[in-house]
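Protein chains: 2
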Amino acid sequence: MDASQAVELAAAFKALGDPVRLRLLSMIASREGGEVCVCELTPAFDLAQPTISHHLKLLRQAGLVDCERRGTWVYYWALPATLDRLAGFLRAAVNA
Amino acid sequence: MDASQAVELAAAFKALGDPVRLRLLSMIASREGGEVCVCELTPAFDLAQPTISHHLKLLRQAGLVDCERRGTWVYYWALPATLDRLAGFLRAAVNA
DNA sequence: AGCTTGTATCGATGTCTGTCGATGCATCCT
DNA sequence: AGGATGCATCGACAGACATCGATACAAGCT
Chain D
408 MDASQAVELA AAFKALGDPV RLRLLSMIAS REGGEVCVCE LTPAFDLAQP
458 TISHHLKLLR QAGLVDCERR GTWVYYWALP ATLDRLAGFL RAAVNA
Chain L
408 MDASQAVELA AAFKALGDPV RLRLLSMIAS REGGEVCVCE LTPAFDLAQP
458 TISHHLKLLR QAGLVDCERR GTWVYYWALP ATLDRLAGFL RAAVNA
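Have a look at this one:
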């Protein structure tokens, strides 16, 4: 595994290295229909609204989720491609 | 996924959220025989020896690797159980 | 147009993290 | 015993991060 690949993968793992973001991703990915409104995510945590928005932004920048505004609300969904890459690394490490 | 479980998993993902640690784990896990001497890991990076030692300690504390001293040298190996748990989370997120 | 609600951005702050040089400890060799 | 080598720990420091309140932006409603 070369250095630049490690930088890229590590950035995605780092995005998962926070309990709040992990729960956010879990809530988003496990949702029937694949989409969750931010208005459902924010009250699930004991944190201020800007903090949740910040974590969602980091998940987006890591390529783990994407979002779209529809009227008043913003909906998030998971991007399986990035999750697959991370799982692939772990699988390779286990089966080595 | 409850909060305490998220804290635990996030700690392991956080340990993977650094390019140096990711490469270290990759080097350790992909090694034939499953064991690598620190003296082979350190020169692979452009970093001071205490820095590598620090990263190995974090990987150890995250339950991703373990080590043993044999004479002058210290050998590291990967712990598949923790890797499996992380892969399990990702698999669940992808197949949701 | 103005008000209300949902979400993102900004700026500040305290804490955590990666890195290093210096040092300590363990083991081997002579 | 003394010296050399491999690795870990310590203390320090610069940069990054999580969190918040204040504010801005977007869309719907009256």
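Quick mapping for you: the protein sequence lines, in order, are chains D and L. Our numbering puts the first residue of the first sequence at 408, with every later residue one more than the last. Our numbering puts the first residue of the second sequence at 408, with every later residue one more than the last. Heads up, the beta-carbon is just placed ideally off N, CA and C, and yes, glycines get one too. In this text the structure is predicted, and so the values were computed from the model without any measurement.
task = Specify whether the segment 484 to 497 of chain L and the segment 488 to 495 of chain D touch according to this definition: at least 3 beta carbon pairs, one from each stretch, less than 8 Å apart.
result = Segments in contact, yes.
task = Can you grab the Cα-Cα spacing for the pair L431 (chain D) / A418 (chain D), in whole Å?
result = Looking at the two C-alpha atoms, the distance is approximately 17 Å.
query = Considering only residues of the same chain and omitting the five flanking positions on each side of V443 (chain L), which have a CB-CB separation below 8 Å?
reply = Counting only Cβ-Cβ distances below 8 Å, and skipping sequence neighbours, we find M434, I435, Y482, Y483 and W484.
inquiry  = Using C-beta distances below 8 Å, list every residue in its chain close to Q456 (chain D), excluding the 5 sequence neighbours before and after it, in chain order.
reply    = Here the set comprises T449.
ask   = Mind checking if P457 (chain L) is an interface residue toward chain D, Cβ cutoff 9 Å exclusive?
value = At a cut-off of 9 Å between beta carbons, P457 (chain L) makes no contact with chain D.
ask   = What are the start and end residues of the beta strand (DSSP E) that includes R477 (chain D)?
value = Start and end: V472 to R477.
request  = Assign H461 (chain D) to buried or exposed, taking buried as 16 or more other Cβ atoms, counted over all protein chains shown, within 10 Å of its Cβ.
outcome  = Taking all protein chains shown into account, H461 (chain D) has fewer than 16 neighbouring C-beta atoms within 10 Å of its C-beta and is therefore exposed.
Any C-beta of chain D under 9 Å from that of R438 (chain L) = R438 (chain L) counts as touching chain D.
DSSP state of A485 (chain D) mapped onto helix, strand, coil = A485 (chain D): strand per DSSP, three-state reduction.
ask   = What residues of chain L sit near G424 (chain D), judged by a beta carbon separation below 8 Å?
value = Chain L residues near G424 (chain D): A417, A418, F420, K421, A422, L423 and G424.
query = Quick one: which chain L residues come within Cβ less than 9 Å of V501 (chain D)?
reply = Within 9 Å of the CB of V501 (chain D), the CB atoms of chain L belong to A436, A485, P487, L490, D491 and A494, in sequence order along the chain.
query = CA-CA distance, R438 (chain L) and A503 (chain D)?
reply = For the pair R438 (chain L) and A503 (chain D), the Cα-to-Cα distance works out to about 7 Å.
query = Thinking just about the alpha-carbon of each residue, which of D:L471, D:L416, D:P426 and D:L463 is nearest to the one in L423 (chain L)?
reply = Distances from the CA of L423 (chain L) to each of D:L471, D:L416, D:P426 and D:L463 were compared; the closest alpha carbon is that of D:L416.
request  = Would you grab the beta carbon distance between R428 (chain D) and L454 (chain D) for me? Rounded to a whole angstrom, and I think it's under 8 Å.
outcome  = Not really, about 12 Å apart at Cβ, beyond 8 Å.
request  = Taking a Cβ distance cut-off of 8 Å, strictly less, list which residues of the segment 454 to 482 of chain L are near chain D, in chain order.
outcome  = Within the segment 454 to 482 of chain L, no residue qualifies.
query = If we count the other Cβ atoms within 10 Å of its Cβ and call it buried at 16 or more, is A410 (chain D) buried or exposed?
reply = A410 (chain D) counts as exposed, since fewer than 16 other beta carbons sit within 10 angstroms of its beta carbon.
query = Does the distance from the C-beta atom of F452 (chain L) to that of F420 (chain D) stay below 9 Å?
reply = For F452 (chain L) and F420 (chain D), no; Cβs fall outside 9 Å.
inquiry  = Does any residue of chain L have a CB that is nearer than 9 Å to the CB of V443 (chain D)?
reply    = The C-beta of V443 (chain D) comes no closer than 9 Å to any C-beta of chain L.
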